[in-house]
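Asks: Pasting a structure below so you can have a look.
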Amino acid sequence: MCKFVKNENKNRMNGIVDCGIYAHGRRIKQVDELKEVDEALINNDKFVWLRLKDPDEELLTDIQNRFGLHELAIEDAHRAHQRPKFESYGSTYFIVLRTIKADEEQNRLDFGETHFFLGKNFIISIRHRSPVPFDDVRTRCEASPLLLEKGAGFVLYAIMDFIVDQYFPIINVLEEELDKLEHKIFKEKYRRETPAQIYRLKCRIIDIKRSVSPLIDICNKLMRYDSELIDSDIRNYFRDIYDHSIRINEMLESTKEQLSMALEANFSLTAINQNEVSKKFAGWAAIIGVPTMIAGIYGMNFTNMPELQWKYGYPFAIGLIVTACGLLYYFFRRSGWL
Amino acid sequence: MCKFVKNENKNRMNGIVDCGIYAHGRRIKQVDELKEVDEALINNDKFVWLRLKDPDEELLTDIQNRFGLHELAIEDAHRAHQRPKFESYGSTYFIVLRTIKADEEQNRLDFGETHFFLGKNFIISIRHRSPVPFDDVRTRCEASPLLLEKGAGFVLYAIMDFIVDQYFPIINVLEEELDKLEHKIFKEKYRRETPAQIYRLKCRIIDIKRSVSPLIDICNKLMRYDSELIDSDIRNYFRDIYDHSIRINEMLESTKEQLSMALEANFSLTAINQNEVSKKFAGWAAIIGVPTMIAGIYGMNFTNMPELQWKYGYPFAIGLIVTACGLLYYFFRRSGWL
Amino acid sequence: MCKFVKNENKNRMNGIVDCGIYAHGRRIKQVDELKEVDEALINNDKFVWLRLKDPDEELLTDIQNRFGLHELAIEDAHRAHQRPKFESYGSTYFIVLRTIKADEEQNRLDFGETHFFLGKNFIISIRHRSPVPFDDVRTRCEASPLLLEKGAGFVLYAIMDFIVDQYFPIINVLEEELDKLEHKIFKEKYRRETPAQIYRLKCRIIDIKRSVSPLIDICNKLMRYDSELIDSDIRNYFRDIYDHSIRINEMLESTKEQLSMALEANFSLTAINQNEVSKKFAGWAAIIGVPTMIAGIYGMNFTNMPELQWKYGYPFAIGLIVTACGLLYYFFRRSGWL
Amino acid sequence: MCKFVKNENKNRMNGIVDCGIYAHGRRIKQVDELKEVDEALINNDKFVWLRLKDPDEELLTDIQNRFGLHELAIEDAHRAHQRPKFESYGSTYFIVLRTIKADEEQNRLDFGETHFFLGKNFIISIRHRSPVPFDDVRTRCEASPLLLEKGAGFVLYAIMDFIVDQYFPIINVLEEELDKLEHKIFKEKYRRETPAQIYRLKCRIIDIKRSVSPLIDICNKLMRYDSELIDSDIRNYFRDIYDHSIRINEMLESTKEQLSMALEANFSLTAINQNEVSKKFAGWAAIIGVPTMIAGIYGMNFTNMPELQWKYGYPFAIGLIVTACGLLYYFFRRSGWL
Amino acid sequence: MCKFVKNENKNRMNGIVDCGIYAHGRRIKQVDELKEVDEALINNDKFVWLRLKDPDEELLTDIQNRFGLHELAIEDAHRAHQRPKFESYGSTYFIVLRTIKADEEQNRLDFGETHFFLGKNFIISIRHRSPVPFDDVRTRCEASPLLLEKGAGFVLYAIMDFIVDQYFPIINVLEEELDKLEHKIFKEKYRRETPAQIYRLKCRIIDIKRSVSPLIDICNKLMRYDSELIDSDIRNYFRDIYDHSIRINEMLESTKEQLSMALEANFSLTAINQNEVSKKFAGWAAIIGVPTMIAGIYGMNFTNMPELQWKYGYPFAIGLIVTACGLLYYFFRRSGWL
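Chains as they are written, first to last, in my numbering: chain A, 10 to 347; chain B, 10 to 347; chain C, 10 to 347; chain D, 10 to 347; chain E, 10 to 347.
As structure tokens, this is what we get:
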């Protein structure tokens with residue numbers, strides 16, 4: 010174990026997390042100082058795997074010179090805030106991916122970035138604001154010496170696969186939230202918050218899509234480019250990631266489409282509710298209005314109103330009122346207004 | 010009959026449903042143990058048709074070695090939950106299709122999967138959660154020895170055709186449901202459930218589309234790829250499936266479009282209903298309000314109100330009220346508010 | 010005249026409507042029995058034009074053998090219910106078109122199908138559920154011997170042109186219906202049926218589009234395919250049909266777009282109507298409510314209410330009521346609520 | 010000046026407006042009779058510019074023979090009502106453009122057509138229902154002999170440029186109408202006509218788009234086709250028209266998009282208005298309803314109602330009413346309902 | 010320093026801002042009179058960088074002749090009001106970009122234009138209505154002699170990069186405004202201005218998109234065109250701008266999409282508000298209506314109404330009224346109407 014790996018939280022030298030030299034599918038050397046890689050870089054049978062995290066400019070310049078990287082790619086790697094992309098600088102590939110992590114406590118998504126430099130016999134991975142280290146990937150790679158023997162391209166595949174696999178739980182959470190929203194819309198009474206929740210979920214999907222959709226194109230290039238950087242046996246593996254990206258995209262697409270439909274349906278239901286409120290109101294207004302009208306009539310002060318002198322005038326009026334209300338109630342009930 | 014075919018429900022050995030060796034368009038041998046296929050795999054005149062259902066890992070590994078399949082494809086075939094796709098691994102094709110079955114009792118669709126490995130002289134079909142066996146397909150294939158003679162590609166066509174044919178009844182059911190919805194929206198009174206029903210139908214279409222639309226691309230590749238795996242005479246047959254896929258897609262597309270239009274129309278009608286409720290309410294409110302007002306006026310306690318002393322004051326007031334109500338009723342009726 | 014042509018309604022032998030042999034742009038022979046065509050099929054200077062209507066399976070099998078057609082195409086031709094398409098089977102083209110006829114009495118569209126087999130020296134047209142025979146086309150073709158000399162391709166053009174020309178009146182009817190709807194929406198009072206009418210018109214357009222839009226692709230193929238089946242001089246003519254198809258598509262597209270806009274506008278107007286109903290109701294409610302309130306006040310039973318004893322108390326109260334109502338009316342009128 | 014040009018309104022011979030023979034960038038001859046062009050058509054150094062307006066069939070047939078034009082193009086040129094298109098008939102191009110003219114008095118657009126036949130040494134322009142003659146274009150062309158020397162292609166460019174330039178004022182008018190609509194929607198009170206005006210403006214844009222958008226494709230072909238009909242130096246000039254077409258399209262696109270947004274915004278505002286009407290109505294209903302209730306209570310006929318006997322009972326009741334109304338008014342005002 | 014640079018606001022000679030001759034990555038000469046550039050233009054090792062601002066026609070003609078520019082490009086450069094574009098005139102490129110500057114005081118965007126002529130050994134930049142001069146770009150370029158040595162292409166890159174970098178703050182402002190709108194819609198009470206604000210923000214995005222989106226295509230051409238005008242080492246740098254353009258486009262796209270969603274959500278909330286207003290109104294109407302009804306009943310003038318004579322009739326009636334209102338209030342409260 011090299012001295013700067015010990016503790017992720019410890020102050021790592023320059024931002025290097027781990028560095029090893031591989032030959033014939035095995036890790037043959039743990040690199041403690043960067044200059045040790047020079048020998049490996051000119052040896053066709055070996056390759057260097059260098060893992061960085063939030064490196065400072067000085068380290069990046071050192072690496073640029075040692076590995077012969079293009080100035081523009083190094084600038085991008087330093088500034089981060091790139092969109093996912095694949096760029097070929099002649100003998101080196103520069104790849105940017107987004108990592109996503111759900112911060113469940115705060116109910117938001119944390120977007121990070123991972124950059125890669127892939128050369129003939131080296132792979133450099135640089136994590137920016139992405140919390141999960143690639144130790145598991147290293148373990149898994151070193152457990153497949155036959156594939157690791159094919160060169161640094163397999164390491165690239167392994168890390169990309171690892172990153173893409175982390176998208177699935179995120180999307181499952183989105184789909185669950187959609188299910189909850191559906192339930193709220195169609196089963197429960199309408200709620201004021203529903204439009205806001207649909208809006209937020211859709212915004213989140215737009216954000217994730219911007220991270221995921223360029224992956225399809227990136228994988229396509231990695232599969233098709235007939236370069237010596239990636240062994241032809243490994244190229245099939247990128248098709249696997251390509252497939253995952255398409256599936257994730259489809260899932261996001263249909264979730265988004267369903268959300269739009271849900272908003273429309275919610276809106277339709279609001280209008281139907283309004284209709285029902287109006288009908289109920291109209292019904293009860295009539296049931297209160299008719300007695301008021303009858304009472305008003307018998308409250309007129311005409312000297313000659315025979316009913317007023319009737320012995321049972323008052324019960325008759327009350328009966329009239331009750332009958333009228335009963336009929337109205339029955340009528341509204343039957344026609345579905347109440 | 011081989012021993013492990015007898016009963017679908019019986020515990021089949023390893024998940025093998027049926028295995029036969031074909032030559033010159035005829036089934037020449039029923040395979041009881043997998044090792045019997047080895048001889049056929051190196052004979053250009055014969056081909057093996059192996060049918061599996063939910064195979065376990067052990068069997069898949071055995072098959073992988075015996076037929077020389079790619080590790081990634083075997084992994085996909087084991088995990089299932091793939092999207093429909095076509096992948097060429099040099100000398101083998103790996104194809105994934107979705108099967109759909111309407112579970113009418115529970116009013117939902119059951120999605121299954123069928124995977125294929127097509128090689129120079131073998132075809133392997135693997136069913137996952139798809140209930141309908143391919144015994145009919147076998148019967149039909151063996152009835153066309155002239156086409157079966159062309160090799161395993163024809164078997165692939167026959168199974169794909171069988172799967173795609175099962176989509177049509179599903180779509181007919183969707184179209185019938187749309188018709189019912191249309192009737193509800195335009196003929197009957199509006200119902201609270203309509204938006205939910207439209208929403209669910211649309212979701213179902215999205216699900217089916219995700220299963221069906223990749224088929225177009227798959228058939229395209231099977232038609233165009235100029236490989237020796239599929240006889241050129243058989244390629245025309247895949248055009249038939251291609252055609253069906255396009256038709257299914259078009260049907261889904263227009264059903265979906267009609268549903269969107271139906272939701273909008275439904276919404277428009279809700280608004281028109283609201284309008285009518287408001288008008289009716291306004292009309293009756295006036296018809297109740299005017300007598301209340303007149304009665305209120307004759308209920309005032311002024312000492313000097315000549316009408317109150319009239320002999321026919323009371324009938325006059327009632328007459329006034331009835332006339333006013335009658336006029337209002339006539340007026341509202343004419344202008345369509347009642 | 011061959012014996013089976015006499016009467017469309019008579020029981021035609023096997024479904025053959027007409028069959029002739031053409032050479033150098035002229036009809037040189039009327040075929041009475043199918044076997045007579047064999048000699049023409051092997052003669053490069055002649056071509057056979059065979060017209061069928063709803064043929065039975067037996068006849069189709071006979072034709073398949075005689076003309077050397079592909080089994081799949083024959084199956085399609087028998088089953089009908091195809092979408093419009095172009096398929097090249099090596100030396101033969103198989104083309105499917107939809108015919109549309111407005112059934113004005115029942116206010117619906119009748120969709121039929123016409124299939125074509127075009128070979129080096131034959132053209133077979135098969136009508137399914139399409140009522141209009143191609144006698145006019147035959148007359149027109151035989152009137153242009155210079156073009157008919159170019160071979161069976163010209164006959165294909167002539168029939169396609171005839172079919173496509175029948176689309177235009179259909180679309181004109183749709184456009185007229187749209188005009189009527191526009192008038193209803195913007196000029197007349199709103200009607201409950203408008204959304205349903207818009208919906209139905211849009212569905213009809215979707216149906217027609219499914220029949221027409223594949224035509225563009227079919228013509229494209231007929232124009233581009235550099236095969237000997239269609240003389241290069243004739244290819245320009247298919248551009249004419251291509252042009253018509255694009256125009257029809259555009260007309261359908263804009264009619265559809267206008268319908269969507271009309272639905273939205275109609276909906277907007279419903280909302281505005283609702284607004285106006287509410288305002289009117291509010292205005293009149295106030296005009297009825299205020300007198301009721303004033304009358305109520307003078308209906309209170311306080312012993313000490315000076316106005317009640319006034320000589321002109323009653324006229325004063327009535328004056329108050331009339332003034333209040335007048336002011337309210339004036340106010341609501343000015344602000345557009347009444 | 011040839012005899013038949015004198016007066017546009019005079020009965021022109023056969024529909025010919027002007028005809029000239031050009032050589033080395035200069036007009037060398039005014040053609041009076043069509044047969045005079047024959048000599049020029051076989052001379053590589055000269056070209057004929059023939060301008061027609063609504064020609065009759067006889068003239069077109071004469072021209073077809075003389076210039077060797079394709080029958081189908083002549084048919085199109087005669088029937089007019091074509092969509093804008095570019096068609097290459099081997100040695101001749103046939104081009105159709107739409108001309109648009111705003112008829113401000115009747116507030117509608119007049120669509121005309123101009124057809125072109127471009128050959129190796131001739132250009133024929135045919136105006137259909139398009140009122141503006143190309144005299145200005147002729148003047149401008151003849152003022153650039155260096156470009157005119159490049160052949161008939163430059164004349165084509167000059168006329169197309171002239172036609173496209175006339176689109177801009179039309180679009181400016183549309184944009185102004187949009188501005189007026191915006192003002193109406195957001196600044197003034199809502200109006201019943203707004204949805205209809207938005208609808209009409211959108212229909213107009215759809216119409217113009219159908220005339221303009223094919224231009225992009227036409228220019229593209231004129232720029233790319235590597236034919237000898239258009240001098241390579243002139244091809245750059247068509248890029249200019251191409252550019253204009255794209256700009257016009259973009260302007261139409263964004264105007265249309267803004268109109269859709271405006272309709273939505275207008276609809277939103279209608280709903281907000283409805284909200285405000287409802288609130289205002291509710292507020293005033295309460296302010297009228299509460300006094301009615303209080304008055305009703307003091308109108309009850311209980312023998313034992315102490316307030317009725319109070320000396321200041323009546324002022325007290327009035328005070329109660331005024332206070333209640335005042336409080337309600339204050340409360341509704343504060344919460345924005347009034 | 011050349012004499013005409015001194016002061017941007019001073020009357021510059023002819024519109025020239027600065028002109029220098031560069032060789033081997035260094036500025037070797039400050040040009041005072043245009044004719045001095047002639048010698049540099051024929052020297053492959055040197056290149057001229059000429060900066061103009063709103064040049065007059067005379068100067069442009071001089072430049073056209075001296076640098077051999079195409080007449081059409083010069084015309085465009087003079088008229089300005091072009092859409093962003095890239096045009097190759099053989100040995101020269103003509104490029105148009107839009108500059109955007111937020112005028113915060115007036116809360117609007119100022120759109121300017123910058124045109125470029127790039128030749129083998131010159132670059133001419135022409136600013137139209139764009140306020141920010143390129144002095145900073147010059148400083149930065151001259152600080153990278155290694156890149157400047159690659160020729161005028163690097164200067165083009167540097168200016169384009171400078172212009173594109175100015176888009177980002179504009180977009181950040183838009184995103185902030187969207188955030189504010191979201192807050193208004195979901196947190197505060199609805200406001201009448203919201204639809205107008207959403208509309209205006211969307212219009213602004215459409216305007217910016219029209220300026221930015223053609224950039225992607227322009228960069229693509231600059232990256233791909235294999236011409237000697239741009240050194241192959243410099244081409245990678247245009248990929249950087251390409252990347253920025255795509256990012257800006259994506260940001261605009263998602264902001265626009267969010268705005269559409271926000272408008273819909275806002276509309277949904279307006280409808281929900283309407284619902285709540287209706288319910289509240291209905292509730293209070295009942296609470297006022299019921300006492301009025303009860304009071305009306307006890308205001309009837311029947312001679313025989315026992316309650317009226319009760320000692321506690323009046324308190325009983327009041328109690329009845331209060332109880333009824335209380336029950337209604339409780340009931341409405343519980344069901345969420347109040």
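For glycine and all other residues, C-beta sits at the position ideal for the given N, C-alpha and C. The model shown is predicted, which means the values in this text are computed figures rather than measured ones.
Quick check on T279 (chain D) - is its C-beta less than 8 Å from some C-beta in chain C?
Replies: Residue mapping note: residue 279 (chain D) aligns to position 270 of the fourth sequence, counting from 1. True, the Cβ-Cβ gap to chain C drops below 8 Å.
Asks: Taking CB distances under 8 Å as the criterion, tell me whether V286 (chain B) reaches chain A.
Replies: Translated into the one-based positions of the second sequence, residue 286 (chain B) becomes position 277. Closer than 8 Å: yes.
Asks: What are the partner residues of E122 (chain B), as DSSP defines its beta bridges?
Replies: Start at 1 with the first residue of the second sequence, and residue 122 (chain B) comes out as number 113. E122 (chain B) is bridged to B:R107 and B:H137.
Asks: Let me see if you follow: with CB-CB separation under 8 Å, is I215 (chain C) close to chain B or not?
Replies: In the third sequence, the residue the question calls residue 215 (chain C) occupies position 206. Cβ-Cβ to chain B under 8 Å: yes for I215 (chain C).
Asks: Do you know offhand how far P324 (chain B)'s Cα is from Q318 (chain B)'s?
Replies: What you label residue 324 (chain B) is simply residue 315 of the second sequence in a count that begins at 1. What you label residue 318 (chain B) is simply residue 309 of the second sequence in a count that begins at 1. Using only the alpha carbons, I get a separation of about 12 Å.
Asks: Name the residues in the region 69-84 of chain C whose C-beta lies less than 8 Å from a C-beta of chain B; which are they?
Replies: H79 and L81
Asks: In terms of residues, what are the limits of the alpha helix (DSSP H) holding V164 (chain E)?
Replies: On the fifth sequence, position 155 is the one that residue 164 (chain E) refers to. From DSSP, the alpha helix (DSSP H) with V164 (chain E) extends over A161 to D174.
Asks: Tell me, please, whether the CB atom of N313 (chain E) is closer than 8 Å to any CB atom in chain H?
Replies: The structure shown contains no chain H; the protein chains it does contain are A, B, C, D and E.
Asks: What residue from B:T312, B:L224, B:I180 and B:E237 has the CA that sits closest to N53 (chain B)'s CA?
Replies: As a first step, residue 53 (chain B) is located in the second sequence; it is residue number 44 there, counting from the start. Checking every option, the nearest Cα to that of N53 (chain B) belongs to B:E237.
Asks: Could you work out which residues of chain C lie near R256 (chain B), taking near to mean beta carbons separated by less than 7 Å?
Replies: One-based indexing of the second sequence puts residue 256 (chain B) at position 247. Here the neighbours are R92.
Asks: Any Cβ of chain D within less than 8 Å of the Cβ of E96 (chain E)?
Replies: Numbered from its first residue, the fifth sequence carries residue 96 (chain E) at position 87. Judged by the 8 Å Cβ criterion, E96 (chain E) is in contact with chain D.
Asks: Over the uninterrupted beta strand (DSSP E) stretch that includes V286 (chain C), give me the two end residues.
Replies: On the third sequence, position 277 is the one that residue 286 (chain C) refers to. Taken as a continuous stretch (DSSP letters only), V286 (chain C) belongs to no beta strand (DSSP E), being part of the alpha helix (DSSP H) at S241 to Y307.
Asks: Taking 8 Å as the threshold (beta carbon to beta carbon), is F126 (chain A) in contact with chain B?
Replies: Taking the first sequence and counting its residues from 1, the one referred to as residue 126 (chain A) is at position 117. For F126 (chain A), the answer is no, since every Cβ of chain B falls outside 8 Å of its Cβ.
Asks: Please confirm whether Q39 (chain D) has its beta-carbon closer than 8 Å to some beta-carbon of chain E.
Replies: Here residue 39 (chain D) refers to the residue found at position 30 when the fourth sequence is read from its first residue. Judged by the 8 Å Cβ criterion, Q39 (chain D) is not in contact with chain E.
Asks: Indicate the three-state DSSP secondary structure (helix, strand or coil) for E67 (chain A) in the structure shown.
Replies: On the first sequence, position 58 is the one that residue 67 (chain A) refers to. Here E67 (chain A) sits in helix by DSSP.
Asks: Please identify the residue among D:P300, D:Q206, D:S254 and D:D41 whose C-alpha is closest to the C-alpha of A333 (chain D).
Replies: Here residue 333 (chain D) is taken as the residue at index 324 of the fourth sequence, counted from 1. A333 (chain D) has its Cα closest to that of D:P300, out of D:P300, D:Q206, D:S254 and D:D41.
Asks: In angstroms with no decimal places, state the Cα-to-Cα distance between V146 (chain C) and V57 (chain D).
Replies: Here the question's residue 146 (chain C) lines up with position 137 in the third sequence. Here the question's residue 57 (chain D) lines up with position 48 in the fourth sequence. Computed Cα separation, rounded: 39 Å.
Asks: Between the Cα of F340 (chain C) and those of C:Y246, C:G292 and C:T148, spot the shortest distance and give me the residue it belongs to.
Replies: Residue 340 (chain C) sits at position 331 when you count from the first residue of the third sequence. Measuring from the Cα of F340 (chain C), the nearest candidate turns out to be C:G292.
Asks: Sorted by chain position, which residues of the same chain lie with C-beta nearer than 8 Å to L69 (chain C)'s C-beta, five sequence neighbours on each side aside?
Replies: As a working mapping, residue 69 (chain C) is identified with position 60 in the third sequence. For L69 (chain C), where only same-chain residues beyond five positions count, the Cβ hits under 8 Å are I83, A86 and H87.
Asks: Please classify F143 (chain D): is it buried, with 16 or more other beta-carbons within 10 angstroms of its beta-carbon, or exposed?
Replies: Here residue 143 (chain D) refers to the residue found at position 134 of the fourth sequence. Buried.
Asks: Using 8 Å as the limit for Cβ to Cβ distance, is R117 (chain C) near chain D?
Replies: Sequence index remark: in the third sequence, residue 117 (chain C) carries index 108 (1-based). No, R117 (chain C) lies away from the interface with chain D (no Cβ there is under 8 Å from its Cβ).
Asks: By the three-class DSSP mapping on this structure, what secondary structure does K12 (chain D) have?
Replies: Taking the first residue of the fourth sequence as position 1, residue 12 (chain D) is located at position 3. Annotation note: pLDDT 42 at K12 (chain D) (below 50); position unreliable, coordinate value reported separately. The answer is coil: DSSP assigns K12 (chain D) none of H, G, I, E or B.
Asks: Please classify S220 (chain D) as buried or exposed, where buried requires at least 16 neighbouring CB atoms within 10 angstroms.
Replies: Position 211 of the fourth sequence holds residue 220 (chain D). Buried, by the Cβ-count rule.
Asks: Look at the alpha carbon of E45 (chain D) and the alpha carbon of D119 (chain D), and state the distance between them as a whole number of angstroms.
Replies: Position 36 of the fourth sequence, counted from the start, is the residue given in the question as residue 45 (chain D). Position 110 of the fourth sequence, counted from the start, is the residue given in the question as residue 119 (chain D). So the alpha carbons of these two residues sit roughly 35 Å apart.
Asks: When the distance is taken between beta carbons, is L43 (chain C) closer than 8 Å to D71 (chain C)?
Replies: The count along the third sequence starts at 1 and reaches residue 71 (chain C) at position 62. The count along the third sequence starts at 1 and reaches residue 43 (chain C) at position 34. A contact, by the Cβ cut-off of 8 Å.
Asks: Any C-beta of chain B within less than 8 Å: which residues of the region 292-309 of chain A qualify?
Replies: A294, A295, G298, V299, T301, M302, G305, I306, G308 and M309
Asks: When burial is assigned at 16 or more other CB atoms within 10 Å of the CB, is K94 (chain C) buried or exposed?
Replies: In the third sequence, counting from the first residue as 1, residue 94 (chain C) sits at position 85. The residue in question, K94 (chain C), is buried, as its Cβ has 16 or more Cβ neighbours within 10 Å.
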